[in-house]
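I have placed the structure first, in the form of structure tokens, so that the comments after it can refer back to it.
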Amino acid sequence: MPFSDIVGHAKQLESLRWALEKERLHHAYLFLGPEGVGKKAVARSLAMAIQCREQDYDFCGGCADCVRIQSGNHPDVRFVGPLVGKKEITIQQVRELERELNYRAFTGRKKIVVVDPASLMNYPAQNAILKTLEEPPKNSLLILISTNTGGLLPTLASRCLRLSFAPLPPEIVANFLVTQKKAAPEEAEILAAVSMGSLGKAISQEMGELVQKRKVWAERIHSLTPQDCRGWMKLAEDLAGEREESLKFLEWVETWYRDILIYCVTGNSRGLSNLELEENIKQQADKNGRERVLFLLSQAVLTAATIRRNVNRRMALENFFAHMVGVH
Amino acid sequence: MSYLVLARKWRPQRFEDIVGQSHITRVLRNAISAGRIAHAYLFTGVRGVGKTTAARILAKALNCETGPTADPCDQCGQCVEIMGGSSIDVYEIDGASNRGIDEVRQIIENVRYQPAKSRFKIYIIDEVHQVTKDAFNALLKTLEEPPPFVKFILATTEPHRLPETILSRCQRFDFRRIPAREIIQRLSEIAEKEGLRITEGALLLLAREAEGSMRDGQSLLEQILSYAAPSAEGEKTKVLIDEILLQDILGIAERKTLYDLSAAVIRGDARRCVEIVGDVMTQGRDLPRLSRDLVEHFRNLLVVRLAQDGKREPGGSKPQSSLFGLLLDLPDQEIEDLRRQVAELSVDTLMDFFCFMAEGDEGVSHSPYPRFALETALVRLATVPKAVPISHILDRLEKMERKLSRGASSTPPPQRREDDVAIEGPEREASLPDSIGEENDREEVWKKFVAFVMREKKVLGSHLAQVRPLEMPPGPLKIGVGERYHLSYLQDAENLSSLREFARRFFSREVVVGVTPVGSRKPEVQEEANEIGNASRPINDAGKDIVKETLRIFGGSVKGIKNESR
Amino acid sequence: MELKAKRGDFLATLYWTQGIVERRNTMPILANVLIESYKGNIRLTATDLEVGVRGTVDGEVSQEGAITANAKKLYEIVREAPEETLQLKRLENDWVEVKSGKSVFKIVGMDAREFPQFPNFDKESLSTIPANIVREMVERTMFSVSTDETRHSLNGVFIEELGSGSVRMVATDGHRLALMERQIGSLGLEKGVILPRKGLAEVRKLLEGSENGLVSIGFKENMGLIVKDHVELFMRLIEGEFPDYTKVIPNDNQHVVKVEKDNFLHALRRVSILSSERYKGIKMELNEGRLSLSTNNPDLGEAVEDIDIEYQGKSLTVGFNARYLLDVLGVLEAGGEVEISFKDALSPSLLKKAGDEGYLYVIMPMRL
């Protein structure tokens, strides 16, 4: 499985391959781009291309080095993320990786560290990695992966060579789903829209489930009326059960209101992410109007933020639905 | 020899090579030559402006076998080891990994020993703001009176995080952001030596991107190099990097996009905003980046507008020039473009744009869906009702007074006009309707306008009769709507455009029309609104209007609804 | 893979792997020991990526192959096995079956291909050296290695060849430096390399108490190997440049004293009882015919001890960290004399073992 098998990102790959061949790889890369577009896959491929002994400046995917990299067992390729049960990458982890980089490469090639997602390095950890990012020991390659620079210190980003990854065009995602995953074209189109150019998301099982879920959510929201306060209180109760579930719901509500907003503004359904809910979106757009949608959208964002701060979820959601049906 | 990235390869090795910090290097050189070397220095400044570089050069200067000298030789063992970071007596400590009291105690203990082979034992503590408070306290005494052979160089991007007690014990040097032209000069030297062909314009853009940080500039140059791909060492790149190509490489949206977007926002054309974002996305440009640029763009618009105000102030050329200083490196043409865009806008509106955009950008940089966040932010901006400069309001109010020829009693006192130059727009504008006379006038004009619309388009007129004007021409027509039902009707694109048309005809000028939700005025109105809102849901639009109209004519409220079909 | 081995042999080799098996759990496979059986050869390997140990066990191989299994559990199983004979077999899905007498264990393993592969060293490329010399060189330098992890090039012992079979090992933490040189023949090192402390600690364990016998040593670009009997010890080298240490060694210390080593050691121990816990500062005062050691600790009190010496030079007072002196005296063999030379109160002093030109120790004075 060589570079040419990677879906999309031709320009980024070309630049990496050139650097690889000319032995001009930077020692620290920052891969930026939406989730699931293949940043980690590219990082892994680069690692394989460096370590693979079967191919020059490319990788076979089947040799001992490639296999170990794929399973996370390569002695010179380390993937760093939050430890199990932790939300952050800590300074201890940074020290550990620095200690490993201080040794010569196990295989005699490069020592590669992939930090994903880099934005989960907490403040001390980001500060601690600065020196290594600027002047790592010989034969080191650090790849930081992040969806955006929002969670990164500017001085950290400034030490890296940035490589931005755009979302994949929906056609490419759909095409991949049809040809590689044997999806029905219609389903593929919807999944491609839902995943917003993220192949990783499109093929995840979660996505299929999400499509089902949001159908239910949209229906339930649709049936809410201001008179039937029991209805929306029940919905709030149902969704409040688990934190993750509430947040997932609100994240979806954001995309849904965004679609409604887009429909309000453009009057057509091009670029909607909830493609299968087109009718519902039209109705909502007609019913609410732009300012109200903007308002509700900001309420959804606010509600998600309060829930992240561990406020009573049921109350937060009830409040949100009250806005939604227009009681407030 | 493995590849050295540009920032390392071209790291300055002599004081005079440090770009843009001559105010510091001169003082340091003189101090060394005069033998007046402080025992603790603090280097502050944003990323990539030369703090660590200067610290290392200072270390070389102090320990060079030919020294102490302002011109270290770079040949002797001392210099070579300091450059390679392997000197036994120069401790490069990163304050982030060594922030605790134990690590600091270790330092305190170690300063007791003579240097192993050098004149001085030098501690360079980077990211020193990370050191904990207790650790700082432990360090105080040592920092104040270290042994004569020990020197401290502390460096940080965040001096405000350091305790006063530390600040006061160090000789402090604030490193500046490097001016664009100096960055350009340096980058063009490096580009030349690396065989990169690049235009002046592209270098200017690059320097602007670097935001005063040399390292950022070098990292960007590196990025370009990896695209331009010189075929061999010492050879020139085939491609000539110009601005267009550079934007493409860096994934920056063209400057034109910024103007297109702000124009759409000013027109209130949300649809166009969404389209442009879609285009930028398809081109694979960096959206969070675009969002940040927009914040700056709206800020520039605001500054240009403020500068215009300053210009009108009698003898006020000073604020203008100082304000223009804030526009830093923009070419004249761009400033002209900015000026044209803000011509018709109030400081207030621009303030709103800037604030909403800054707020929106926060969302973009943290959102899992930057595109959505940006779209939403722009739609919100395009929906902001536009306030018009206070001077225009007064000008036009005067004209209108004359036109309506309703007696002189309420003519605004002319001396008020002096106020219009003040920058504090919000207060001024808010104070305007305070005068009772004006308030009455406004009511009158509004009633006439509603009657006019009523004649032309009854349904629209009846909606208008239920709402209140917040602002009236000669500024924008800003309508406050307390009730969702009217809100959605009036916000409908079609209705809004006919309203704009009526306003244009009634006031005989182009009028910007804005509809904003406001809080409920009277409890019963709110109640009514709710009930109608609820009741009307099963009824079609025409039915809604009939109920509304009935209520308007007879007065009263809806108490209940019986569904005919049942 | 299928093999039969003696429980005792297997256990002894497995024992070596126990101290090395990864505890940090960054890579799951590192908790495992690699079991390989080829051409009648049984090999066990464990590593934490910094150090690796490989041992050979005698036994019968009925089927070639390899597998990995949890090192701790395997060790316990083998230790408790009821019979002297042990049978190991790889099952479907990378399980491992361990049989001894009537007890049968089936434990979860992992694919051997996932296990990090150590480089092959040619037998011919290895140099053979008496074990006790290696042990001595390690012991007498290692204690000076810096514990400051930020100075990674000082986190190990530098080893280099001086030509004509002379090999030198150097360690320093910036406050003292230990250097030892011996004629042991070429190691095939073109350029000096840095051996990590952790690896050397394993070497010391491996060579513990071995007065006789030989070890083989070899180097690759990234790794060092030392072989003793059936155990091979790999260690990854430290990246980076060791600083030029030669300038640290003083060559014009004209004030020289000789003291009986054991006397000096004991006096130091006594005097330093009252030195502060952290700094262990003691004063050495040099006068005609007399060396005085003293401490003065405001919290505890003071101590003085004089040692008679043959000294004619000028008077001199120097402060030291007693621990740095005790460290070096502790690794020297009992008896004999040490020779200490001074320049002045601010310059490094030099300590040598009388009659051994191949060993020296530099110690930086300390401000008291």
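If you read the sequences in order, they're chains A, B and C.
Quick note on numbering: my numbering labels position 212 of the first sequence as 213, and the sequence is numbered without any gaps.
Quick note on numbering: my numbering labels position 29 of the second sequence as 605, and the sequence is numbered without any gaps.
Quick note on numbering: my numbering labels position 10 of the third sequence as 33, and the sequence is numbered without any gaps.
By construction, the Cβ of each residue, glycine as well, lies at the ideal position given by its N, Cα and C atoms.
Three-state secondary structure (DSSP) of residue i
i          : result
B/Gly-1037 : helix
C/Thr-49   : coil
B/Gln-531  : The requested residue 531 of chain B does not occur in the structure, where chain B is confined to residues 577 to 1142.
C/Tyr-347  : helix
C/Ser-299  : coil
B/Leu-921  : coil
B/Pro-864  : helix
C/Leu-202  : strand
B/Val-595  : coil
B/Leu-772  : coil
A/Ala-106  : coil
B/Ala-883  : helix
Rounded Cβ spacing between residue i and residue j (contact assumed at less than 8 Å)
i         : j         : result
A/Glu-89  : A/Leu-121 : 6 Å
C/Phe-343 : C/Ile-305 : 6 Å
C/Arg-199 : C/Met-387 : 6 Å
B/Ile-911 : B/Val-880 : 7 Å
C/Phe-365 : C/Leu-391 : The Cβ separation is near 16 Å, so there is no contact.
C/Val-11  : C/Val-161 : One cannot answer for residue 11 of chain C here, as it falls past the ends of chain C, which runs 24 to 391.
B/Gln-589 : B/Asp-647 : Contact doesn't hold; Cβ gap of about 11 Å is too wide.
C/Ala-135 : C/Ile-90  : 5 Å
Residue burial classification, residue i (beta-carbon count within 10 angstroms, cutoff 16)
i          : result
B/Val-1057 : buried
A/Glu-220  : exposed
B/Ser-609  : exposed
C/Lys-129  : exposed
C/Val-282  : buried
C/Tyr-334  : buried
B/His-1062 : buried
A/Ser-224  : exposed
B/Glu-798  : buried
A/Asn-269  : exposed
B/Asp-1148 : An answer regarding residue 1148 of chain B cannot be provided, because it is not within the stretch 577 to 1142 covered by chain B.
B/Asp-1117 : Low confidence applies to B/Asp-1117: its pLDDT is 45, below 50, so where it sits in the model is not reliable, and the reading given next is rough at best. Per the 10 Å Cβ criterion, exposed.
A/Arg-69   : buried
C/Thr-269  : exposed
Cβ of residue i within 8 Å of any chain C Cβ
i         : result
B/Met-577 : Caution is warranted here: a pLDDT of 45 is assigned to B/Met-577, below 50, making its placement in the model unreliable, and the coordinate value is therefore given only provisionally. No, its Cβ sits nowhere closer than 8 Å to a Cβ of chain C.
A/Phe-107 : yes
B/Asn-639 : no
A/Lys-183 : no
B/Pro-895 : Annotation note: pLDDT 44 at B/Pro-895 (below 50); position unreliable, coordinate value reported separately. Not an interface residue.
A/Tyr-124 : no
Chain A within 8 Å of residue i, Cβ atoms only
i         : result
C/Leu-373 : no
B/Thr-959 : yes
B/Glu-703 : yes
B/Gln-571 : The requested residue 571 of chain B does not occur in the structure, where chain B is confined to residues 577 to 1142.
C/Ile-240 : no
C/Asn-245 : yes
Residue-level contact to chain B via CB, residue i, 8 Å cutoff
i         : result
A/Met-197 : yes
C/Asp-367 : no
C/Lys-306 : no
Does the segment 748–757 of chain B come close enough to the segment 715–727 of chain B that 3 or more CB-CB pairs lie under 8 Å?
Judged by Cβ distances under 8 Å, the segment 715–727 of chain B makes no contact with the segment 748–757 of chain B, as fewer than three pairs qualify.
Should the segment 756–766 of chain B be regarded as contacting the segment 117–131 of chain A, the criterion being three or more beta carbon pairs within less than 8 Å?
Segments in contact, no.
Count the CB pairs spanning the segment 142–152 of chain A and the segment 24–36 of chain A that are closer than 8 Å, and state whether there are at least three.
Inter-segment contact for the segment 142–152 of chain A and the segment 24–36 of chain A is present: three or more beta-carbon pairs are separated by less than 8 Å.
Decide yes or no for the touch test of the segment 763–781 of chain B against the segment 305–318 of chain A: beta carbon pairs closer than 8 Å, at least 3 of them.
Under the Cβ criterion (8 Å, minimum of three pairs), the segment 763–781 of chain B does not count as touching the segment 305–318 of chain A.
Indicate whether the contact test is met: 3 or more Cβ pairs, each with one atom in the segment 783–799 of chain B and one in the segment 151–162 of chain A, closer than 8 Å.
At 8 Å Cβ cutoff, the stretches touch.
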